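First comes the structure, then the notes that go with it.
Protein chains in written order, with the numbering used here: chain B, 123 to 395; chain R, 123 to 395.
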């Protein structure tokens with residue numbers, strides 16, 4: 123059965139979006155539709171232009187026998203600006219205030235449309251680095267890790283403060299929580315992470331960075347490398363920050379419990395691009 | 123600027139895939155591309171046919187002034203069969219065996235391509251029900267919950283066994299774990315779930331169903347309704363199962379620690395369709 127161009131465009135768009143960062147040989151599409159490679163090339167030019175024009179991402183063409191086409195997530199700066207400003211407004215809503223000056227964030231972290239955008243932005247920021255795996259710590263970092271990993275098409279590993287029998291043997295470390303100065307433990311299942319992996323660490327919130335620093339130490343135990351660190355929200359007034367090189371989407375400047383005022387600014391996302 | 127049909131098809135495919143279960147008015151697309159509604163209708167016919175033919179999903183057209191088009195995830199039975207058989211093989215790998223007869227599953231639960239398919243299948247099974255929210259319990263159910271929720275385009279709420287200061291006030295219940303018969307506690311942040319919500323409960327693993335039964339009890343406290351229950355793996359030899367109406371992708375029949383043999387069969391996914 124032969125396919126018309128219009129049908130190929132729809133199916134190829136779906137296929138590429140579903141397999142980011144994966145090199146797809148042109149022969150794969152040629153066989154799938156019983157079409158000539160020249161027609162597939164023309165289709166890909168249309169998709170590439172539309173993806174770029176609409177800020178969906180980029181199509182990279184690798185020539186040669188081992189070549190093909192690869193979809194890479196790359197969000198448009200306008201999209202990033204709009205979304206980050208929207209997030210600042212959402213987080214500044216005083217209804218989020220909890221006793222002790224904490225902010226309720228589970229509605230944001232539970233919304234798949236928000237997470238998709240967070241994942242797109244984080245994946246875009248690291249789209250030129252080679253990332254093997256996304257790491258986070260349970261529980262609230264998990265949705266962000268999966269969102270970024272699904273756009274980078276790499277696995278997620280989850281560090282835990284409690285070790286479970288269902289994870290097998292675990293490598294654990296002690297670390298000092300930056301803000302509370304308490305000694306805590308975190309561990310990662312031994313078979314979760316291959317030696318030499320290039321790891322993107324993500325989390326929902328970073329204050330002094332003790333938890334993230336703990337994950338960095340844990341990576342050393344696995345002979346794995348930090349390829350990047352990204353958080354949804356960083357706290358501006360963190361004394362003695364332990365982590366310097368990171369990408370944040372949003373910066374929490376001030377929480378005034380008495381006046382019920384939360385001051386939020388864009389993070390360093392754009393400085394790094 | 124006017125768009126050619128080929129560009130419209132690529133962008134509309136991306137937009138619809140990105141907004142499942144959302145009614146998009148035809149005027150939205152007409153304005154977006156400066157095209158006549160009749161052209162948009164023709165585009166949608168092509169997309170609809172390709173989505174159905176390729177097992178991507180369905181496009182539902184709602185006529186009238188308040189109408190539009192809606193993309194609904196619906197996986198093809200062939201895709202479901204192939205994936206479930208693949209999962210059975212993957213899970214039956216004796217390397218998964220941990221002391222005590224537990225199975226290591228974090229590689230599966232960390233793989234975004236696997237999760238996408240799990241999410242597609244679960245969302246497909248409930249695509250005709252009206253689901254407001256997906257609920258799970260920390261930690262291992264979380265990736266499955268987000269995968270299903272992203273295809274259903276609804277929020278996720280996470281039940282926890284420990285309550286955190288960052289969640290605000292919590293409704294907690296005690297429940298009896300079906301297998302260990304121990305009394306445990308689980309809680310959900312009060313503002314996570316609106317009264318009357320129709321909730322799809324998901325988890326990675328179900329033995330007797332104590333944890334899922336706990337979530338059902340918790341929903342009663344919120345005056346919310348169970349719209350469905352779905353698990354990736356159910357254990358076949360569970361005495362005194364507490365949950366009857368559920369959808370499972372895979373069924374664990376037997377774990378023979380001595381012979382290092384794991385027996386896995388497809389779950390009841392197809393019986394329910």
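Glycine included, every Cβ here is placed at the ideal spot set by N, Cα and C. Being a predicted model, the structure only gives us computed values, none of them experimental.
Using a threshold of 8 Å, state whether the C-beta atoms of residue i and residue j are closer than that.
{"i": "residue 245(B)", "j": "residue 273(B)", "result": "yes"}
{"i": "residue 350(B)", "j": "residue 371(B)", "result": "no"}
{"i": "residue 228(B)", "j": "residue 343(R)", "result": "no"}
{"i": "residue 231(B)", "j": "residue 213(B)", "result": "no"}
{"i": "residue 254(B)", "j": "residue 353(B)", "result": "no"}
{"i": "residue 293(R)", "j": "residue 310(R)", "result": "yes"}
{"i": "residue 330(B)", "j": "residue 360(B)", "result": "yes"}
{"i": "residue 192(R)", "j": "residue 184(R)", "result": "yes"}
{"i": "residue 127(R)", "j": "residue 165(R)", "result": "yes"}
{"i": "residue 327(B)", "j": "residue 281(B)", "result": "no"}
{"i": "residue 256(B)", "j": "residue 270(B)", "result": "yes"}
{"i": "residue 141(B)", "j": "residue 345(B)", "result": "no"}
{"i": "residue 220(B)", "j": "residue 382(B)", "result": "no"}
{"i": "residue 374(R)", "j": "residue 357(R)", "result": "yes"}
{"i": "residue 337(R)", "j": "residue 259(R)", "result": "yes"}
{"i": "residue 249(B)", "j": "residue 194(B)", "result": "yes"}
{"i": "residue 348(R)", "j": "residue 223(R)", "result": "no"}
{"i": "residue 265(R)", "j": "residue 243(R)", "result": "no"}
If you run the structure through DSSP and keep just helix, strand and coil, what is residue i?
{"i": "residue 181(B)", "result": "strand"}
{"i": "residue 261(B)", "result": "coil"}
{"i": "residue 200(B)", "result": "helix"}
{"i": "residue 390(B)", "result": "coil"}
{"i": "residue 129(R)", "result": "helix"}
{"i": "residue 343(B)", "result": "helix"}
{"i": "residue 230(B)", "result": "helix"}
{"i": "residue 123(R)", "result": "Bear in mind that the predicted position of residue 123(R) carries a pLDDT of just 49, short of 50, making it unreliable; the figure below should be weighed with that in mind. The answer is coil: DSSP assigns residue 123(R) none of H, G, I, E or B."}
{"i": "residue 235(R)", "result": "helix"}
{"i": "residue 148(B)", "result": "helix"}
{"i": "residue 349(B)", "result": "strand"}
{"i": "residue 159(B)", "result": "helix"}
{"i": "residue 64(B)", "result": "Only positions 123 to 395 of chain B appear in this structure, which leaves residue 64(B) out of reach."}
{"i": "residue 138(B)", "result": "helix"}
{"i": "residue 176(R)", "result": "coil"}
{"i": "residue 355(B)", "result": "strand"}
{"i": "residue 254(B)", "result": "coil"}
{"i": "residue 75(R)", "result": "Absent from the model: residue 75(R). The displayed extent of chain R is 123 to 395, so no value can be given."}
{"i": "residue 143(R)", "result": "coil"}
{"i": "residue 218(B)", "result": "helix"}
{"i": "residue 165(R)", "result": "helix"}
List, in chain order, every chain R residue whose beta-carbon is nearer than 7 Å to that of residue i.
{"i": "residue 388(B)", "result": "Within 7 Å Cβ-Cβ: nothing; residue 388(B) doesn't reach chain R, min ~22 Å."}
{"i": "residue 157(B)", "result": "By Cβ distance, chain R contributes nothing, its closest Cβ being about 14 Å from residue 157(B), past 7 Å."}
Report the neighbours of residue i on chain B: residues whose CB is nearer than 9 Å to its CB, in chain order.
{"i": "residue 282(R)", "result": "261"}
{"i": "residue 139(R)", "result": "135, 136, 139, 140"}
Run through chain B and tell me which residues come within less than 8 Å of residue i, C-beta to C-beta.
{"i": "residue 180(R)", "result": "Simply none; closest approach about 14 Å."}
{"i": "residue 449(R)", "result": "With chain R covering only 123 through 395, there is no way to say anything about residue 449(R)."}
{"i": "residue 277(R)", "result": "229, 232, 233, 234"}
{"i": "residue 336(R)", "result": "Here the premise fails: no neighbours, minimum Cβ distance about 17 Å."}
{"i": "residue 129(R)", "result": "168, 171, 172, 175"}
Determine the closest residue to residue i out of the options, with distance taken between C-alpha atoms.
{"i": "residue 324(R)", "options": "313(R), 156(R), 368(R), 317(R)", "result": "368(R)"}
{"i": "residue 307(B)", "options": "286(B), 298(B), 174(B)", "result": "298(B)"}
{"i": "residue 332(R)", "options": "347(R), 264(R), 295(R)", "result": "295(R)"}
{"i": "residue 143(B)", "options": "210(B), 392(B), 277(B), 235(B)", "result": "277(B)"}
{"i": "residue 392(B)", "options": "202(B), 268(B), 379(B)", "result": "202(B)"}
{"i": "residue 169(B)", "options": "271(R), 133(R), 209(R), 280(R)", "result": "133(R)"}
{"i": "residue 234(R)", "options": "268(B), 313(B), 210(B), 137(B)", "result": "268(B)"}
{"i": "residue 364(R)", "options": "148(R), 156(R), 303(R)", "result": "303(R)"}
{"i": "residue 252(B)", "options": "366(B), 285(B), 319(B), 258(B)", "result": "319(B)"}
{"i": "residue 284(R)", "options": "261(R), 362(R), 335(R)", "result": "261(R)"}
{"i": "residue 200(R)", "options": "186(R), 176(R), 216(R), 211(R)", "result": "176(R)"}
{"i": "residue 366(B)", "options": "335(B), 380(B), 187(B)", "result": "335(B)"}
{"i": "residue 149(B)", "options": "137(B), 237(B), 162(B), 138(B)", "result": "162(B)"}
{"i": "residue 469(B)", "options": "159(B), 135(B), 208(B)", "result": "Because chain B spans 123 through 395 in this model, residue 469(B) falls outside it and cannot be assessed."}
What residues from chain R crowd round residue i, counting only those whose CB sits closer than 8 Å?
{"i": "residue 147(B)", "result": "In chain order: nothing, as chain R lies at least about 18 Å away."}
{"i": "residue 265(B)", "result": "264, 268, 278"}
{"i": "residue 293(B)", "result": "Ordered by position in chain R, no residue passes the 8 Å Cβ test against residue 293(B), which lies about 14 Å from the chain."}
Using a cut-off of 7 Å between C-beta atoms, extract the partners of residue i located in chain B.
{"i": "residue 394(R)", "result": "Those within 7 Å of residue 394(R) in chain B number zero; the least Cβ separation is about 24 Å."}
{"i": "residue 271(R)", "result": "234"}
Using the beta-carbon of each residue, which ones in chain R are nearer than 9 Å to residue i?
{"i": "residue 298(B)", "result": "Going along chain R, no residue has its Cβ under 9 Å from residue 298(B), so there is no contact; the nearest lies around 19 Å."}
{"i": "residue 369(B)", "result": "Near residue 369(B) there are no residues of chain R at all, since even the closest Cβ is about 20 Å away, more than 9 Å."}
(message) Short of 8 Å Cβ to Cβ, which residues in the segment 304-334 of chain R face chain B?
(response) 311, 313, 314
(request) Mind checking the segment 371-386 of chain R against chain B and listing, in chain order, the residues whose C-beta falls within less than 9 Å of any C-beta there? (result) none
(request) Return the residues of the segment 350-362 of chain B that lie within a Cβ-Cβ distance of less than 8 Å from chain R, sorted by chain order. (result) none
(message) Output needed in chain order: residues of the segment 223-248 of chain B with a Cβ under 9 Å from some Cβ in chain R.
(response) 224, 225, 226, 227, 228, 229, 231, 232, 233, 234, 235, 237, 238
(request) With 8 Å as the limit, tell me which residues of the segment 162-195 of chain R have their beta carbon closer than that to any beta carbon of chain B; keep them in chain order. (result) 168, 169, 171, 172, 173, 175, 176, 178
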